[in-house]
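Inspection log for the structure reproduced underneath, given as structure tokens.
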Amino acid sequence: MSGRRIQQGGRVDRSRAIRFTFDGKGYSGFAGDTLASALLANGVQVFGRSFKYHRPRGVIAAGSEEPNALVTVMRDEARCTPNLRATQVELYDGLVARSQNRWPSLDFDVQAVNDLLSPLLPSAFYYKTFMWPRAAWHKLYEPVIRRAAGLGESPTLPDPDRYSQRFAHCDVLVVGAGPAGLAAALTASASGARVMLCDEQPEFGGSLLDEPAATIDGATTADWIRDSMATLRSRANVTLLTRTTAFGYFPHNLIGLNERITEHLPAPAADMPRERLWQVRAARVLIAAGSIERPLVFPGNDRPGVMLASAARTYLHRYGVAVGQNVVLVTGSDAAYAAALDLHAAGVRVALIADVRADATGAPLDLARQAGIEVVTGATVLGTRGRLGVREVTIGVLARGTVNDTRRVKCDALLLSGGYTPSVHLFSQSRGKLEFNEARQAFLPSVSAEPESSAGSCRGIDGYTQVLNDGARVGAASALAAGYSVAAPEYRVQALEFGMHGLPGVLPQASPLQPARAFVDFQNDVTSKDLALAMREGFESVEHIKRYTTTGMATDQGKTSNMNALAFVAGELGRTIPKVGLTTFRMPYTPVTFGIFAGYDRGDLFDPVRTTSMHDWAVQQGAVFEDVGQWKRARYFPRSGEDMHAAVDRECKAVRTGVGMFDASTLGTIEVVGPDAATFLSRLYVNGFSTLAVGRSRYGILLRDDGFIYDDGVIARIAGERFHVTTTTGGAARVFGMMEDYLQTEWPDLRCWLTSTTEQWAVIAVQGPRARDVLAPLVSDVDLSAAALPHLGVTQGRICGVPMRLFRMSFTGELGYEVNVPADYGLAVWEAIHAAGQPHGITPYGTETMHVLRAEKGYIIVGQETDGTVTPDDAGLGWAIAKSKPDFVGKRSLARETMHAPDRKQLVGLLTVDPKVVLEEGAQIVATPGQHAPMKMIGHVTSSYHSAVLGRSIALALLRGGRARIGETLYVPMPGGEIAVQVTATVFYDVEGARLHG
Amino acid sequence: MLLIQCPYCGLRPELEFAYAGQAHVARPADPSATTPDQWTEFLYLRDNTRGIHAERWRHVRGCARFFNALRDTTTDQFLATYRAGESMPVLQQAGQKP
Ligand SMILES: [Zn+2]
Numbered sequence: 000m001s002g003r004r005i006q007q008g009g010r011v012d013r014s015r016a017i018r019f020t021f022d023g024k025g026y027s028g029f030a031g032d033t034l035a036s037a038l039l040a041n042g043v044q045v046f047g048r049s050f051k052y053h054r055p056r057g058v059i060a061a062g063s064e065e066p067n068a069l070v071t072v073m074r075d076e077a078r079c080t081p082n083l084r085a086t087q088v089e090l091y092d093g094l095v096a097r098s099q100n101r102w103p104s105l106d107f108d109v110q111a112v113n114d115l116l117s118p119l120l121p122s123a124f125y126y127k128t129f130m131w132p133r134a135a136w137h138k139l140y141e142p143v144i145r146r147a148a149g150l151g152e153s154p155t156l157p158d159p160d161r162y163s164q165r166f167a168h169c170d171v172l173v174v175g176a177g178p179a180g181l182a183a184a185l186t187a188s189a190s191g192a193r194v195m196l197c198d199e200q201p202e203f204g205g206s207l208l209d210e211p212a213a214t215i216d217g218a219t220t221a222d223w224i225r226d227s228m229a230t231l232r233s234r235a236n237v238t239l240l241t242r243t244t245a246f247g248y249f250p251h252n253l254i255g256l257n258e259r260i261t262e263h264l265p266a267p268a269a270d271m272p273r274e275r276l277w278q279v280r281a282a283r284v285l286i287a288a289g290s291i292e293r294p295l296v297f298p299g300n301d302r303p304g305v306m307l308a309s310a311a312r313t314y315l316h317r318y319g320v321a322v323g324q325n326v327v328l329v330t331g332s333d334a335a336y337a338a339a340l341d342l343h344a345a346g347v348r349v350a351l352i353a354d355v356r357a358d359a360t361g362a363p364l365d366l367a368r369q370a371g372i373e374v375v376t377g378a379t380v381l382g383t384r385g386r387l388g389v390r391e392v393t394i395g396v397l398a399r400g401t402v403n404d405t406r407r408v409k410c411d412a413l414l415l416s417g418g419y420t421p422s423v424h425l426f427s428q429s430r431g432k433l434e435f436n437e438a439r440q441a442f443l444p445s446v447s448a449e450p451e452s453s454a455g456s457c458r459g460i461d462g463y464t465q466v467l468n469d470g471a472r473v474g475a476a477s478a479l480a481a482g483y484s485v486a487a488p489e490y491r492v493q494a495l496e497f498g499m500h501g502l503p504g505v506l507p508q509a510s511p512l513q514p515a516r517a518f519v520d521f522q523n524d525v526t527s528k529d530l531a532l533a534m535r536e537g538f539e540s541v542e543h544i545k546r547y548t549t550t551g552m553a554t555d556q557g558k559t560s561n562m563n564a565l566a567f568v569a570g571e572l573g574r575t576i577p578k579v580g581l582t583t584f585r586m587p588y589t590p591v592t593f594g595i596f597a598g599y600d601r602g603d604l605f606d607p608v609r610t611t612s613m614h615d616w617a618v619q620q621g622a623v624f625e626d627v628g629q630w631k632r633a634r635y636f637p638r639s640g641e642d643m644h645a646a647v648d649r650e651c652k653a654v655r656t657g658v659g660m661f662d663a664s665t666l667g668t669i670e671v672v673g674p675d676a677a678t679f680l681s682r683l684y685v686n687g688f689s690t691l692a693v694g695r696s697r698y699g700i701l702l703r704d705d706g707f708i709y710d711d712g713v714i715a716r717i718a719g720e721r722f723h724v725t726t727t728t729g730g731a732a733r734v735f736g737m738m739e740d741y742l743q744t745e746w747p748d749l750r751c752w753l754t755s756t757t758e759q760w761a762v763i764a765v766q767g768p769r770a771r772d773v774l775a776p777l778v779s780d781v782d783l784s785a786a787a788l789p790h791l792g793v794t795q796g797r798i799c800g801v802p803m804r805l806f807r808m809s810f811t812g813e814l815g816y817e818v819n820v821p822a823d824y825g826l827a828v829w830e831a832i833h834a835a836g837q838p839h840g841i842t843p844y845g846t847e848t849m850h851v852l853r854a855e856k857g858y859i860i861v862g863q864e865t866d867g868t869v870t871p872d873d874a875g876l877g878w879a880i881a882k883s884k885p886d887f888v889g890k891r892s893l894a895r896e897t898m899h900a901p902d903r904k905q906l907v908g909l910l911t912v913d914p915k916v917v918l919e920e921g922a923q924i925v926a927t928p929g930q931h932a933p934m935k936m937i938g939h940v941t942s943s944y945h946s947a948v949l950g951r952s953i954a955l956a957l958l959r960g961g962r963a964r965i966g967e968t969l970y971v972p973m974p975g976g977e978i979a980v981q982v983t984a985t986v987f988y989d990v991e992g993a994r995l996h997g
Numbered sequence: 000m001l002l003i004q005c006p007y008c009g010l011r012p013e014l015e016f017a018y019a020g021q022a023h024v025a026r027p028a029d030p031s032a033t034t035p036d037q038w039t040e041f042l043y044l045r046d047n048t049r050g051i052h053a054e055r056w057r058h059v060r061g062c063a064r065f066f067n068a069l070r071d072t073t074t075d076q077f078l079a080t081y082r083a084g085e086s087m088p089v090l091q092q093a094g095q096k097p
């Protein structure tokens with residue numbers, strides 16, 4: 000037992016006891032407690048084990064800077080959050096918390112043997128030890144290290160909670176609601192400016208909450224905070240956010256806020272989001288982030304019970320908890336004397352104040368001595384003792400390199416103050432320039448990069464009166480910069496305060512070689528010896544030292560350790576602190592759950608799903624779907640008992656022998672209109688369009704200027720100045736973007752307009768020898784005869800009374816039509832065609848059948864036969880290029896020598912010698928059998944199917960010098976053995992192409 | 000997230016825009032007349048500027064127009080935006096905002 004609840008005081012509600020468990024043991028605290036304050040009140044000192052050496056560790060701080068007391072809070076199996084700072088976990092009834100990094104228990108940890116092995120675990124130990132052999136890393140080192148060095152465990156179940164996201168705009172965003180932030184928000188909002196005020200704590204007030212005895216303009220701090228909050232709440236132009244961390248500063252004054260909404264509630268309502276991401280765009284940002292007390296670095300400074308003096312004061316005044324009953328303070332700052340005097344007044348025995356400053360003098364020392372507290376100046380700490388908590392500290396007086404008056408002092412808590420470090424994290428994130436202030440021994444905001452200002456102690460202002468007045472002045476200035484005018488009030492504060500300056504670094508020791516380690520970074524277990532070793536090994540840049548030793552790289556980002564590390568490095572290198580320089584601050588200020596970034600974009604909302612007009616019909620028919628981009632496309636329509644193979648065979652046969660229908664609505668459609676529409680398309684596509692007659696269509700190939708196939712589709716001339724352009728399903732958006740790019744930026748003189756019409760049309764392909772018979776009774780104002788509407792003819796008319804663009808076209812090689820109707824009529828027309836086709840045995844088919852049918856005809860699919868390195872000639876499409884055109888996109892590149900190299904990969908057909916074997920798409924091709932790896936690969940399979948109509952397998956492939964190899968036998972090496980294949984032309988069925996003219 | 004001044008719509012968040020590469024790389028009027036080196040340079044070679052970079056953006060989720068911008072690649076700050084076809088504005092001094 001060391002800590003205890005004192006009789007009175009604090010802001011906890013002593014009438015409301017809260018039950019909770021820690022590592023399975025039941026405890027009781029009060030409403031308003033944090034997990035840390037409640038455990039301290041119950042005498043708990045060990046909160047966890049350290050990351051590397053598994054040393055027992057206690058709580059050091061009282062706020063978000065806490066490096067040691069990381070816990071896992073479990074609501075249920077899925078709601079299990081690791082690495083929470085016990086100092087920020089608000090107590091609720093039934094809270095279940097666990098310590099981390101211990102096995103089997105906090106008091107006895109097997110891996111604490113690491114501590115004894117510590118001479119073998121120097122900085123960069125992982126880098127040095129686990130480099131070889133490689134296999135051992137995966138099997139041995141990594142699993143062991145992960146088990147040994149983890150920081151808590153993530154739940155394995157999906158996160159059942161909801162997370163919300165909001166955008167907001169304001170004139171002045173005030174970050175931090177301590178004295179400066181409150182004064183700033185009060186002043187700025189009085190001007191009428193829209194003000195947002197956020198603070199990471201559950202209540203506003205910041206350090207004022209630790210000052211019950213202070214007065215502001217005669218009012219107690221409690222009254223002043225209450226009245227200030229009432230004023231702010233009464234103003235409609237003010238938004239107040241508690242439990243809200245400004246975690247990131249993004250360009251152009253966009254601030255990311257993480258609001259925790261239900262974390263503190265015992266049983267959150269199911270409809271409440273757990274957390275919310277605010278993206279606030281502020282005209283002005285006012286940073287009032289305060290400052291953080293530094294520990295001191297000396298041997299054994301990590302024992303449970305070693306704590307910041309300011310934290311001891313916070314536990315006393317905010318939670319009514321005395322962190323010890325017999326305390327020693329070690330300080331390099333006047334600030335600690337307030338803690339000593341307050342603890343003394345609360346009945347805690349203050350055994351000694353060891354002031355490391357030889358020249359320490361003045362009011363704080365006088366007051367302490369008057370209170371009967373012994374003060375030693377010029378002190379240093381030689382070590383501490385106590386297995387699971389500090390029980391004794393060895394103090395000496397250092398003079399001219401020798402230590403005198405060494406003595407051991409019993410204590411159950413050891414309170415440290417090295418002075419305060421201004422919290423410049425957000426300012427630094429905004430890319431503002433920091434400057435080292437010699438007088439304050441701190442980096443302070445200097446030149447802004449964004450429209451922001453800092454106020455209060457985060458910019459080095461010391462003393463409550465000055466901090467409040469600075470907040471008010473900067474608040475008024477921020478409002479003015481946002482276009483509002485207000486006068487700043489003057490505050491007058493009376494408080495027990497002695498200044499925040501201190502000395503960063505490692506306490507001087509008589510002998511440089513101490514057996515016990517002095518910890519600089521508690522969370523990553525980095526000692527002063529580790530830093531010294533890194534420098535001996537040649538690291539001088541602070542960024543390198545940071546990465547080599549991992550100092551400041553833990554989840555706390557070195558909030559309590561960075562300045563100490565920096566001062567130590569500077570001292571060892573004999574340079575000044577600004578010469579060594581500060582490492583970069585990065586977001587997030589404190590860890591943020593991934594949930595708020597995902598927000599609503601989970602499950603069904605993760606990615607939009609696009610469906611066609613006929614989607615529900617296909618669902619009812621039991622279609623199996625595949626994803627093509629965001630589209631759901633019917634892949635095949637199995638009948639009972641059919642697998643994919645059987646269904647696709649049946650669908651293919653129906654199209655080849657009767658008639659099938661296919662939903663082609665997902666193809667991209669772009670309407671190109673204007674006097675120069677034909678010129679525009681001729682410049683883009685390899686084909687000529689000026690000569691295309693109205694009522695005709697053409698297969699178009701689109702290249703990029705590098706000469707490689709980018710997209711393809713059918714382009715129809717609906718009228719003289721109106722074209723109906725189709726694209727691939729996946730290429731629709733990028734083709735439209737490419738067209739707009741050329742039209743807007745290369746040829747802005749062309750009078751031509753583009754409209755994406757993909758979603759306006761439902762497209763029904765009716766394919767097969769009986770296609771005309773099916774459509775004939777349904778259409779009007781249309782002559783379906785081969786003479787009137789030949790292959791690639793286009794006409795407009797009606798179907799079932801609905802306006803229609805009718806394309807005579809075929810991606811199957813059969814007589815075929817594509818019926819384009821307004822999307823709203825798609826389902827009705829589809830059902831009408833399906834009904835009219837029943838006497839003909841009409842068969843709906845899906846994308847798999849479409850793929851097989853087109854492969855039988857050697858038609859390419861962009862993205863399957865092409866990969867961004869395939870020219871029209873490679874794909875066997877050289878015939879499509881209009882030779883007479885002076886230019887089109889890609890033409891110049893096609894003239895490059897390499898584009899005609901005879902060994903380019905060319906599209907060919909492959910027939911396996913064994914007709915039953917279906918090749919794997921993507922499989923490699925080699926010229927000779929029996930090769931050993933690495934084999935000489937000369938091509939790869941792009942498409943491969945079983946063809947029902949041919950009764951055997953077919954494949955397409957890209958093959959080096961392929962067309963010259965037709966007739967050769969090549970090999971496809973597979974794990975099961977080599978497959979012999981014969982190279983063929985690309986068309987497997989109806990080579991003369993008579994069927995599509997039927 | 001940056002704020003970007005669309006020359007047609009005004010100040011809008013970066014979410015609405017798409018980057019579109021270096022600006023003022025005109026497609027040769029007669030590509031067939033270019034030498035292989037000239038064509039290669041047009042196709043593949045781009046500046047990698049430290050400092051003020053002229054680049055294309057598209058307000059793809061707004062007016063869908065392409066426009067040009069001067070951006071300082073060291074600070075991410077947009078110094079000017081202007082319409083496609085307009086000549087590059089002369090900055091009064093480095094670091095000046097539009
Ligand atoms: Zn715009």
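Heads up: the protein sequence lines correspond to chains X and Z, in order.
Just so we're aligned, residue 0 is where the first sequence starts under numbering that gives the first Met the number 0, counting upward by one.
Just so we're aligned, residue 0 is where the second sequence starts under numbering that gives the first Met the number 0, counting upward by one.
Every residue, glycine too, gets a C-beta built ideally from N, C-alpha and C.
Helix, strand or coil: how does DSSP classify PRO30 of chain Z here? Locating residue 30 of chain Z in the second sequence gives position 31, where the first residue counts as 1. In the three-state DSSP reduction, PRO30 of chain Z falls in the helix class (H, G or I).
Mapping DSSP to helix, strand and coil, what is PHE129 of chain X? The residue labelled residue 129 of chain X in the question sits at position 130 within the first sequence. For PHE129 of chain X, the pLDDT reaches just 49, beneath the cut-off of 50, and the residue's location in the model is therefore unreliable, although a value from the coordinates is still provided. Note: PHE129 of chain X maps to coil in three-state DSSP.
Between SER63 of chain X and GLN87 of chain X, is the Cβ-Cβ spacing less than 7 Å? For the purposes of this step, residue 63 of chain X is taken as residue 64 along the first sequence, with counting starting at 1. For the purposes of this step, residue 87 of chain X is taken as residue 88 along the first sequence, with counting starting at 1. Yes; because the gap between Cβ atoms is below 7 Å, this pair is in contact.
Cutoff 7 Å: ALA83 of chain Z Cβ touching any chain X Cβ: To locate residue 83 of chain Z, count along the second sequence from 1; it is residue 84. Among the residues facing chain X, ALA83 of chain Z is included, as its CB has a counterpart in that chain under 7 Å away.
Under 6 Å: does the beta carbon of TYR18 of chain Z sit that close to some heavy atom of ligand 1? For this step, residue 18 of chain Z is matched to residue 19 along the second sequence. For ligand 1, not one heavy atom lies less than 6 Å from the Cβ of TYR18 of chain Z.
Just the chain X side, please: which residues come within less than 9 Å of MET110 of chain Z by C-beta, in chain order? Residue coverage of chain Z in this structure runs from 0 to 97, which leaves residue 110 of chain Z outside it and unanswerable.
Rounded separation between LEU14 of chain Z and TYR43 of chain Z - CA only: The count along the second sequence starts at 1 and reaches residue 14 of chain Z at position 15. The count along the second sequence starts at 1 and reaches residue 43 of chain Z at position 44. In a straight line, the C-alpha of LEU14 of chain Z is about 27 Å away from that of TYR43 of chain Z.
Which residues does DSSP list as the beta-bridge partners of TYR162 of chain X? As a position in the first sequence, residue 162 of chain X is number 163, starting the count at 1. DSSP lists X:GLU274 as partners of TYR162 of chain X.
GLN465 of chain X: first and last residue of the uninterrupted alpha helix (DSSP H) it sits in: Residue 465 of chain X sits at position 466 when you count from the first residue of the first sequence. 463-480 is the extent of the alpha helix (DSSP H) around GLN465 of chain X.
Whole-Å CB distance - PHE810 of chain X paired with TYR858 of chain X, under 8 Å assumed: Within the first sequence, the letter at position 811 stands for residue 810 of chain X. Within the first sequence, the letter at position 859 stands for residue 858 of chain X. The C-beta separation of PHE810 of chain X from TYR858 of chain X comes to about 6 Å, placing the pair in contact by the 8 Å criterion.
Tell me the DSSP secondary structure of CYS62 of chain Z in three-state form. If you number the second sequence from 1, residue 62 of chain Z lands on position 63. DSSP places CYS62 of chain Z in coil when its eight states are reduced to three.
Near ALA494 of chain X, what residues of its chain come up, given a Cβ to Cβ distance below 6 Å and the 5 sequence neighbours on each side ignored? For this step, residue 494 of chain X is matched to residue 495 along the first sequence. For ALA494 of chain X, same chain residues with a beta-carbon under 6 Å away, outside a window of 5 residues either side, are GLU210, ALA213, TYR463 in chain order.
Can you check whether the C-beta of PRO30 of chain Z is within less than 7 Å of a C-beta belonging to chain X? Working through the second sequence from its first residue, we reach residue 30 of chain Z at position 31. Taking 7 Å as the threshold, the shortest C-beta distance from PRO30 of chain Z to chain X falls below it.
Near GLY8 of chain X, what residues of its chain come up, given a Cβ to Cβ distance below 8 Å and the 5 sequence neighbours on each side ignored? By one-based count along the first sequence, residue 8 of chain X stands at place 9. Closer than 8 Å at the Cβ level, and outside the excluded window around GLY8 of chain X, lie PRO211, LEU315, HIS316, GLY319, ALA345.
Are the region 440-448 of chain X and the region 196-203 of chain X touching by the rule of at least three beta carbon pairs closer than 8 Å? Contact between the region 440-448 of chain X and the region 196-203 of chain X is absent, because fewer than three Cβ pairs lie under 8 Å.
Return the chain-ordered list of same chain residues with a C-beta closer than 7 Å to the C-beta of VAL579 of chain X, the five sequence neighbours on each side being excluded. Here residue 579 of chain X is taken as the residue at index 580 of the first sequence, counted from 1. Same-chain partners within the cutoff: VAL541, LEU565, VAL568, ALA569, LEU572.
I need the boundaries of the alpha helix (DSSP H) containing MET737 of chain X, first residue and last residue. Stepping through the first sequence from its first residue, residue 737 of chain X is reached at position 738. For MET737 of chain X, the uninterrupted alpha helix (DSSP H) run begins and ends at 731-740, by DSSP.
Neighbour flag for LEU42 of chain Z against chain X, beta carbons, 7 Å: On the second sequence, residue 42 of chain Z is found 43 positions in, with the first residue counted as 1. Yes, its Cβ sits closer than 7 Å to a Cβ of chain X.
For ligand 1, is there a heavy atom less than 6 Å away from the beta-carbon of TYR7 of chain Z? The residue given as residue 7 of chain Z occupies position 8 in the second sequence. TYR7 of chain Z: yes, Cβ under 6 Å from ligand 1.
Identify which residue in X:VAL296, X:ARG959, X:ILE372, X:GLU451 has its Cα closest to the Cα of ASP170 of chain X. Locating residue 170 of chain X in the first sequence gives position 171, where the first residue counts as 1. Residue X:GLU451 is the option with its Cα nearest to ASP170 of chain X.
Out of X:GLY371, X:GLY767, X:ALA85, X:ARG78, point me to the one whose CA is closest to ARG161 of chain X's CA. As a working mapping, residue 161 of chain X is identified with position 162 in the first sequence. Each of X:GLY371, X:GLY767, X:ALA85, X:ARG78 was checked against the Cα of ARG161 of chain X, and the nearest Cα belongs to X:ARG78.
I need the DSSP call for TYR43 of chain Z, collapsed to helix, strand or coil. Reading the second sequence from its first residue, position 44 is the one you call residue 43 of chain Z. Reduced to three states, the DSSP call for TYR43 of chain Z is helix.
Measure from the C-beta of GLN465 of chain X to each C-beta in chain Z and report whether the shortest distance is under 7 Å. In the first sequence, the residue the question calls residue 465 of chain X occupies position 466. Not one chain Z Cβ lies under 7 Å of GLN465 of chain X.
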